[in-house]
Amino acid sequence: MGLGVYDDPNYGCFIAPSDPDAAYDDNGYDKPEEDWLSLSREHTSGKRGFAIRDACWSFLGEALSPVPTPLD
C-alpha cells in the first residue's frame with residue numbers, strides 16, 4: 004500500500020493506493036473503492052489492515068537499512 008489518508012468518515016476507512024510508491028494526493032489518483040482500507044474487524048468489504056504514520060514508517064525504514072522494510 005502507498006501513502007494513504009483517512010478520507011471517508013461516513014464509512015470509517017482509510018484510502019491508500021495499492022502501489023507502494025504512490026500517494027493519495029498524486030495527480031490522477033481518484034481514490035477508487037478497491038483501495039479503501041478498514042481498520043476494524045466489523046467491516047466486511049474492502050481491504051483490512053493497519054495504519055502507520057509516514058514519519059514512523061520512515062523511521063522504521065532507517066532502522067532496517069540497508070535491508071528494505073518487509074511488507075509481508
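Residues 4 to 75, numbered by our numbering, are exactly what the sequence shown covers, in order. Ideal Cβ placement from N, Cα and C applies to all residues, glycine included.
What are the start and end residues of the alpha helix (DSSP H) that includes LEU6?
-> Looking up residue 6 in the sequence shown gives position 3. Unbroken run through LEU6: none, as it is neither H nor E.
LEU3 to PHE17 span [Cα, whole Å] = Past the edges of the chain, shown from 4 to 75, lies residue 3, and the structure says nothing about it.
Of the residues GLY7, ASP33, LYS34, which one's Cα is nearest the Cα of PRO23?
-> Against the sequence shown, residue 23 aligns to sequence position 20. The shortest C-alpha separation from PRO23 is found at GLY7.
Straight-line Cα distance separating ASP10 from PRO20 = Counting from one through the sequence shown, the residue named residue 20 turns up at place 17. Counting from one through the sequence shown, the residue named residue 10 turns up at place 7. Going from the Cα of PRO20 to the Cα of ASP10 covers about 13 Å.
Assign ASP33 to one of two classes, buried (16 or more other C-beta atoms within 10 Å of its C-beta) or exposed (fewer than that).
-> Within the sequence shown, residue 33 is the residue found at index 30, counting from 1. Exposed is the call here.
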